[in-house]
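If you're matching them up, the sequences are chains A and B in order. Each residue of the first sequence is one higher than the one before, starting from 379 at the first, in our numbering. Each residue of the second sequence is one higher than the one before, starting from 7 at the first, in our numbering. Following: one structure in structure tokens, then a few remarks.
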Amino acid sequence: TQLLEQSPQFLSIQEGENLTVYCNSSSVFSSLQWYRQEPGEGPVLLVTVVTGGEVKKLKRLTFQFGDARKDSSLHITAAQPGDTGLYLCAGVYAGNMLTFGGGTRLMVKP
Amino acid sequence: EAGVAQSPRYKIIEKRQSVAFWCNPISGHATLYWYQQILGQGPKLLIQFQNNGVVDDSQLPKDRFSAERLKGVDSTLKIQPAKLEDSAVYLCASSPPDREVTEAFFGQGTRLTVV
């Protein structure tokens, strides 16, 4: 079983602050995905990074895939209350197998 | 396009009872996943189907859990008998075939409480 560890587990910050969430594994993945999940809903895909060293930006969110394709980070600039939620990383391997990390619960206070 | 449909949304049962969850994936999606998400944790894969065949069920507690995907479309997940530790959200997801990069679309989940 491929394991992904996310840190931190919980993060509470003020509006306007920056934050970074990490996703680490000893396994190599063909791609790495980030999902966001709100209470009572299923996870929704934010981004997929495929190439080692790849950086993708989605408005105030920046995603990076490690050179060795074992780790990833999510950086949010100037966080807003609407960014509150559970952020999940997921590693893709063996074609379409998908394994999730434990999640980072983010709360952004106004 | 319609999303992944799951029912029921909520279910409360007593321990040792049986329960079944239903999932209707997005039309044309060959891959179907069932995940268990315990409160405060990330989703854990229970079983993955490719059409009507099982790809991975290594983390499915087969003494009490069973799943089937008849005709490669709808799927049901059953627990018999339920234990207190089965309390969780059960998420169904599907992904389209022949994509270079996998993208999973999730339903809203079924929240199970075992008392």
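C-beta atoms are modelled at their ideal positions from N, C-alpha and C, and glycine is treated no differently.
In the structure shown, the three-state DSSP call for E74 of chain B is strand. Under the DSSP definition of a beta bridge, I32 of chain B lacks any partner. Cβ neighbours of E416 of chain A within its own chain (closer than 7 Å, five residues either side excluded): G463. Contact of A94 of chain B with chain A is not assigned, every C-beta pair being separated by 7 Å or more.
The C-beta of T82 of chain B comes no closer than 7 Å to any C-beta of chain A. Between L97 of chain B and chain A, the shortest Cβ-Cβ separation is below 7 Å.
The beta carbon of P417 of chain A does not come within 7 Å of any beta carbon belonging to chain B, so the residue lies off that interface. By alpha-carbon distance to S33 of chain B, the top candidate from B:T116, B:D69, B:Q114, B:N57 is B:N57. Listed along the chain, the chain A residues whose CB falls inside 8 Å of the CB of S72 of chain B amount to none; the nearest CB is some 21 Å away. Excluding the 5 residues flanking it on each side, R438 of chain A has same chain C-beta neighbours closer than 7 Å at I454, T455, A456, in chain order. For chain B, the residues of the segment 455 to 475 of chain A that bring a beta carbon within less than 9 Å of one of its beta carbons are L464, L466, C467, A468, V470, A472, G473, N474, M475, in chain order.
Against P49 of chain B, the close residues of chain A are P421, L466, F478, in the order they occur along the chain (beta-carbon pairs closer than 8 Å). Note on geometry: alpha-carbon atoms of L97 of chain B and V25 of chain B lie some 15 Å from one another. Distances from the alpha-carbon of Q43 of chain B to those of B:P87, B:Q86, B:A99 put B:A99 closest. The way I'd put it, the segment 470 to 488 of chain A does touch the segment 106 to 117 of chain B; three or more beta-carbon pairs between them come closer than 8 Å.
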